[in-house]
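**Q** Mapping of the sequence shown onto full-length UniProt numbering: residues 1 to 340, in sequence order.
The C-beta atom is built at its ideal place from N, Cα and C for all residues, glycine as well.
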Amino acid sequence: MSTHDLSGEGVAARLEPVARRALAEYGVSPDAALTLLNVSENATYAVDDPDTGERTVLRVHRHGYHDAAAIESELAWLDALREDTGVRTPRVLPTPDGRRLLAMPEEGQADPRHVVRFEFLPGVEPEEAGETLPESFEVLGGITARMHEHALRWQRPPGFTRFAWDYDGAFGSVARWGRWQDGMAVGPAETEVLGRLDDTLRARLTAFGSGPDRYGLVHADLRLANLLEDRTPDGDEHYVIDFDDCGFSWFLYDFGSAVSFFEDDPRVPELADAWVRGYRTVRDLPAEDEAEIPTFVMMRRLLLVAWIGSHSGTELAQSMGAAFTAASCDLAEDYLSRFG
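1) Quick check on DSSP: helix, strand or coil for residue 276?
2) Around the Cβ of residue 83, are there at least 16 other Cβ atoms within 10 angstroms (buried) or fewer (exposed)?
3) Mind checking residue 90: buried by the 16 CB within 10 Å criterion, or exposed?
4) Is there a Cβ from chain B that is less than 8 angstroms from the Cβ of residue 313?
5) Is residue 241 closer than 8 angstroms to residue 121 when the C-beta atoms are compared?
6) For residue 274 and residue 325, I'd like the C-alpha separation in whole angstroms.
7) Please state the DSSP three-state secondary structure of residue 302.
8) Take the Cβ of residue 162 as the centre, count every other Cβ of all protein chains shown within 10 Å, and call the residue buried at 16 or more, exposed below.
9) How is the beta strand (DSSP E) around residue 232 delimited, first residue to last?
10) Roughly how many whole angstroms lie between the Cα atoms of residue 117 and residue 20?
11) Does residue 36 come out as helix, strand or coil in the three-state DSSP assignment?
12) Rank 218, 305 and 129 by C-alpha distance to the C-alpha of residue 247 and give the top, closest one.
13) Can you give me the C-alpha to C-alpha distance between residue 271 and residue 77, rounded to a whole angstrom?
14) Report yes if the C-beta distance between residue 302 and residue 197 is below 8 angstroms; otherwise report no.
15) Where residue 183 and residue 97 are concerned, what is the direct C-alpha to C-alpha distance, given to the nearest angstrom?
16) Do you know whose CA, among 214, 28, 102 and 160, lies nearest residue 148's CA?
17) To the nearest angstrom, how far is the alpha carbon of residue 173 from that of residue 167?
18) Could you give the first and the last residue of the continuous beta strand (DSSP E) run that contains residue 145?
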């Protein structure tokens, strides 16, 4: 299936019948309001049931990204993190007969759509321009370290399978989000700069190695949009959502994803310091590992160039456009002057 599966206009109209059929399986009122929240790899809806007054979240998967076993594996880690570490993740809401993952037919498609229903969690993402952003990154660093510690000791269930965000999965023969060479406004000059970046990333990632202290199961999209803060008089609650990209990669890739789309912000070094400070309250991070953080920021940035190219119909990609590629080249030159 094309990487443009959920790109472009008409997504809501095409998928609402699938969502409605799924809601019937969950026993949700046919009068429930469906609000499309987000379209990226999947389409995510808020569901407001007038019969119960309950709001839940319905995730309709794109074709060809994860099979059923991979989605079940994601859900297993969500449960384990919440139960074993107290990292607050959304609960999976099963159908009355206990199914957690549905395969719903879609008109005109040979393959069904996978659908999962989650509890709705309160809170809002930290404001990128907010004064408390370093504080949020310190909290995020601690949460991320707890997740990494869990990944290291967790006995994964039989059949557990998730893809890898290694060099090959990012830029090599797999290129899971497409080729960065096909990004928006990647011409000869951009190809030259980003090609040197690609070569340097491959060399540095190889030298860094993928030993168990540096590489394992990660969230892989722990950006601000997936960290919810619920500030109440009784204290702050933090929730981690959207594990759809979770898989195997370097633990420091989770910081690279945390600064997605604003890697050129002058506050990034301060945010990295805050994240590391929080991380070290839970798990050791050697200085030589910390020194490699810019490599993972640039790995993620180059991946996003590829993602924007292969998801050009999404609102997020269109909002980035050619300017994102130009800024990526500037970032690459700066990085290469220090690490190339």
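**A** In this structure, then:
1) The residue labelled residue 276 in the question sits at position 276 within the sequence shown. Helix at residue 276.
2) Translated into positions along the sequence shown, residue 83 becomes position 83. It is exposed - the Cβ of residue 83 has fewer than 16 other Cβ atoms within 10 Å.
3) Counting from 1 along the sequence shown, the entry for residue 90 is found at position 90. Classification for residue 90: buried.
4) The structure shown contains no chain B; it is built from a single protein chain.
5) For the purposes of this step, residue 121 is taken as the residue at position 121 of the sequence shown. For the purposes of this step, residue 241 is taken as the residue at position 241 of the sequence shown. In this structure, residue 241 lies closer than 8 angstroms to residue 121 by Cβ.
6) Locating residue 274 in the sequence shown gives position 274, where the first residue counts as 1. Locating residue 325 in the sequence shown gives position 325, where the first residue counts as 1. The alpha-carbon atoms of residue 274 and residue 325 are separated by roughly 27 angstroms.
7) Within the sequence shown, residue 302 is the residue found at index 302, counting from 1. Helix at residue 302.
8) The count along the sequence shown starts at 1 and reaches residue 162 at position 162. So residue 162 counts as buried.
9) In the sequence shown, counting from the first residue as 1, residue 232 sits at position 232. Run containing residue 232: 227 to 232, per the beta strand (DSSP E) assignment.
10) Locating residue 117 in the sequence shown gives position 117, where the first residue counts as 1. Locating residue 20 in the sequence shown gives position 20, where the first residue counts as 1. The alpha-carbon atoms of residue 117 and residue 20 are separated by roughly 12 angstroms.
11) In the sequence shown, counting from the first residue as 1, residue 36 sits at position 36. Note: residue 36 maps to strand in three-state DSSP.
12) Counting from one through the sequence shown, the residue named residue 247 turns up at place 247. Taking only the C-alpha atoms, the option nearest residue 247 is 218.
13) Counting from one through the sequence shown, the residue named residue 271 turns up at place 271. Counting from one through the sequence shown, the residue named residue 77 turns up at place 77. For residue 271 and residue 77, the distance between alpha carbons rounds to 27 angstroms.
14) On the sequence shown, position 302 is the one that residue 302 refers to. On the sequence shown, position 197 is the one that residue 197 refers to. Their beta carbons are under 8 angstroms apart, which means residue 302 touches residue 197 by this criterion.
15) One-based indexing of the sequence shown puts residue 183 at position 183. One-based indexing of the sequence shown puts residue 97 at position 97. Their Cα atoms are separated by approximately 45 angstroms.
16) Within the sequence shown, numbered from 1, the residue matching residue 148 stands at position 148. The candidate whose alpha carbon is nearest that of residue 148 is 214.
17) Translated into the one-based positions of the sequence shown, residue 173 becomes position 173. Translated into the one-based positions of the sequence shown, residue 167 becomes position 167. Straight-line Cα distance between these residues: approximately 9 angstroms.
18) Taking the sequence shown and counting its residues from 1, one reaches residue 145 at position 145. No beta strand (DSSP E) holds residue 145; the alpha helix (DSSP H) holding it covers 133 to 153.
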